[in-house]
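Heads up, the thing below is written out as structure tokens.
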Amino acid sequence: MTRASPRSFTRSLRARALPLPRRERRRTSRAAKAVSASIPISAEQPVARRPVRVVAIGGGTGLSTLLRGLKKYVIPPGVARIAQTTFAIAELAAVVTVTDDGGSSGRLRQELNMLPPGDIRNCMVALSEDEALLSRLFQHRFTGKGPLEGHNFGNLFLAALTSVTGDFAEAVRESSQILASRGHIYPSTTSNVQLDAWMDDGSRVRGETRITASKQRIVELRMVPANAQPLPQTLDAIAQADLITMGPGSLFTSLVPNVLVRGIPEAIAASRAKKVFVCNLMMQANESLGLTASEHILAIRRHARMKLFDYALVNNAPVSPELLHRYQSEGSGQVACDAEKIEAMGVQCIAENLLDEGEVVRHNTHKVALRLMELAFAPAAARPQAAAVTV
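This note's numbering numbers the first residue of the sequence shown as 3 and each following residue consecutively.
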């Protein structure tokens, strides 16, 4: 039996997909024709700049949330020209950590010997052209009893497509095309990696789920195997980027693992892009409890063994007392903005109100994305030198 090629397989899937309603097609067409008006514009933006290339590095909900904000600036397919005074992204790439070993991702990883699809699935949906039926389908979680309980359809789809193509990265690329994602998504490595954490009591804990469940504070993180390699496309995207971001996300299980992949921190450091750390709003129990914004940066620097960031985007607005009390009762707290220490590390601190409070504390995605675009399009300035910092 002749095996269908991956491209013909996904083309047939797209051909069989339900078409958009006529009203949705008209709306999509109008949006493409008016893209210059639809992309957010700042009053302070410069004139006549080419669209930029952006690489966002991270994992978990933090990265997918950031991508939703950046997606609005990506030039849609088929649009050849936009107004030169408009902030626009020519290429958007997400580099996603692949160390998750819990939940649906962990089960698929164990049973099928594949990379965990969960964080990557969330990023694909976040970058989807229209987060409607297909996106909701990818996020659908099966309930009830039986082997499908707890699995997301998108995770199962990626597992099936990985089996068809024989390559996880190819499955991600093809799935992104089906969802009409406005960007490229790369796993930080295609090696089957795990995390080892050394805790403050001298113990060693293996596996992301066990690490996050530990009551001890993380002192050092290592990747097993230590020689995991990134995809060539990841290194190319970093080398060609105008803007590289890292964060927000769990410090030791979403951010640090990316710089433990050999070649990624070196590529970031060598890139001529502006490099921005987007700091978390709240601490996490054993990952970052008690750590200030500068200590988040220092933890990443120590694991990367080099300076990575030119800028840090940090919230300096207080969380409401009621919401803060709830977080504190769960063993969390607000990350302190110690701007002077950040500046002393040779990182320019951009501190402002980035909060979007609701049932939980989140970043104001649109404000964060706008600030990042303003940085990307700002004239290059002399970058501050770091004071001596032990790494």
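Glycine is no exception: its CB is placed at the ideal position from the N, C-alpha and C atoms.
Quick caveat, the model's predicted, so the values are computed rather than measured.
Give me, in chain order, the residues of the same chain whose beta-carbon lies closer than 7 Å to that of residue i; leave out the 5 immediate sequence neighbours on both sides.
i      : result
Asp202 : Gln218, Arg219, Val221
Val207 : Ala199, Met201, Ile213, Ser216
Ser177 : Met126, Phe159, Leu160, Leu163
Glu354 : Asn318
Ala241 : Ala269, Ser273
Leu114 : Ala161
Val57  : Ala95, Val97, Ala239, Ile240, Ala243, Ile246
Arg123 : Phe140, Asn154, Gly156, Asn157, Leu160
Pro53  : Ile77, Ala90, Ile91, Ala92
Met116 : Leu110, Ala161, Thr164, Phe170
So residue i and residue j are supposed to be a Cβ contact under 8 Å. How far apart are they, rounded?
i      : j      : result
Ala306 : Val337 : At roughly 20 Å, the Cβ-Cβ gap does not stay under 8 Å, so Ala306 and Val337 are not in contact.
Ala92  : Arg55  : 6 Å
Tyr188 : Ala171 : 7 Å
Val2   : Val226 : One cannot answer for residue 2 here, as it falls past the ends of the chain, which runs 3 to 393.
Val370 : Gly71  : 6 Å
Leu69  : Ala128 : 4 Å
Glu359 : Leu315 : Rounded, the Cβ-Cβ distance is 18 Å, inconsistent with contact.
Leu310 : Ala271 : 6 Å
Pro295 : Cys339 : Per the sequence shown, residue 295 should be read as Ala rather than Pro. About 5 Å; that satisfies the 8 Å criterion.
Ile64  : Pro267 : As written in the sequence, residue 64 is Gly, which differs from the Ile given in the question. About 19 Å; that fails the 8 Å criterion.
Thr67  : Thr255 : Not confirmed; about 16 Å, so no contact.
Ala380 : Leu245 : Between Leu245 and Ala380 the Cβ distance is about 10 Å, and since that is not below 8 Å, they are no contact.
Glu289 : Leu253 : 5 Å
Met1   : Gly60  : Limits of the chain in this structure are 3 at one end and 393 at the other, which puts residue 1 out of reach.
Leu374 : Val278 : 6 Å
Ala275 : Gly333 : About 36 Å; that fails the 8 Å criterion.
Thr144 : Gly152 : Note on residue identity: the sequence assigns Phe, not Thr, to residue 144. So it is a contact: roughly 7 Å between Cβ atoms.
Leu283 : Val363 : 5 Å
Less than 8 Å between C-beta atoms, sequence neighbours within five positions excluded: which residues of the same chain meet that for residue i?
i      : result
Gly120 : Asp102, Gly105, Ser106, Ser107, Asn154, Asn157
Val258 : Leu223, Ala301, Ile302, His305
Thr191 : Val100, Ala230, Gln231, Pro232, Leu233, Val263
Pro320 : Leu326, Gln336
Ala45  : Because Ala45 sits at a pLDDT of 46, beneath the cut-off of 50, its placement in the model cannot be relied upon, and the point is left open.
Tyr425 : Examination of residue 425 is not possible in this model, given that the chain is present from 3 through 393 alone.
Pro118 : Val100, Thr101, Asp102, Asp103, Ser107, Gly108, Leu110, Arg111
Checking contacts by CB at 9 Å: is residue i closer than that to chain C?
i      : result
Phe279 : Structure shown: chain C not included; a single protein chain is present.
Look up residue i in the DSSP assignment and give the residues it is bridged to.
i      : result
Thr449 : Outside the shown range of the chain (3 to 393) lies residue 449, about which nothing can therefore be said.
Gln350 : Tyr313
Leu94  : Val56
Met284 : Gln336
Arg76  : At residue 76 the sequence reads Val, which differs from the Arg that was named. Looking at the DSSP assignment, Val76 forms a beta bridge with Ile91.
Along the chain, where does the beta strand (DSSP E) containing residue i start, and where does it finish?
i      : result
Tyr313 : 313 to 317
Arg364 : 363 to 365
Glu359 : 357 to 359
In terms of residues, what are the limits of the alpha helix (DSSP H) holding residue i?
i      : result
Met225 : Careful: Met225 lies outside any alpha helix (DSSP H), inside the beta strand (DSSP E) at 220 to 226.
Glu297 : 295 to 306
Ile270 : 266 to 272
Pro323 : 323 to 331
Pro234 : 234 to 242
Asn288 : 287 to 290
Val261 : 258 to 261
Counting only the same chain and skipping the five closest in sequence on each side, list residues whose C-beta sits under 6 Å from that of residue i.
i      : result
Asp132 : none
Gly335 : Met285
Val76  : Ile91, Leu94, Arg184
Ser137 : Val127, Ser130
Ala39  : Bear in mind that the predicted position of Ala39 carries a pLDDT of just 47, short of 50, making it too unreliable to give a figure here.
Ser193 : Ala230
Arg51  : Phe379
Indicate, with yes or no, if the ligand FAD has a heavy atom lying under 8 Å from the CB of residue i.
i      : result
Tyr313 : No copy of the ligand FAD occurs in the structure displayed, which carries no ligand at all.
What are the complete alpha helix (DSSP H) segments, minimum 4 residues, inside the segment 160 to 213? 170 to 180
Which runs of the alpha helix (DSSP H) at least 4 residues long sit entirely within the segment 101 to 157? Give them in chain order. 105 to 114, 120 to 128, 135 to 141
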